[in-house]
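Numbering-wise (my numbering), the sequence shown opens with residue 90 and increments by one. Glycine included, every Cβ here is placed at the ideal spot set by N, Cα and C. Quick caveat, the model's predicted, so the values are computed rather than measured. Everything below concerns the one structure shown next.
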Amino acid sequence: EAALEAGAGNVESDSDMHDITCAIEDFAALSKALEEKFGEPERAGLVWRPNVSAEVNEEQAAAVMKLVEALEDCDDVQNV
């Protein structure tokens, strides 16, 4: 509830964490408001999510997984 009042677009919670969604331009203010109310979070950051998702067949899934593995092995890539 506090996250929604502070400007979050959506909040999903379970026993381990809260997943709070907001617009990029609202992240700093929302993060600050929640930190002031609840203290420093274990982790806070931006996650890029697609606007459109697509189903893939087995062959395409194998190609995507090969790409993901290659990206994970690359020292210049921080997150996949």
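- Taking a 10 Å sphere around the C-beta of cysteine 163, we find fewer than 16 other C-beta atoms and assign the residue as exposed.
- If you compare the alpha carbons of Pro139, Ile109, Ser104 and Asp105 with that of leucine 93, the shortest gap goes to Ile109.
- CA-to-CA, the gap between alanine 152 and leucine 135 works out to about 26 Å.
- Nearest to alanine 112 by C-alpha distance, out of Arg132, Glu129, Ala159 and Gly98, is Gly98.
- Proximity to aspartate 105 across Asn146, Ala143 and Pro130 peaks at Pro130, based on C-alpha coordinates.
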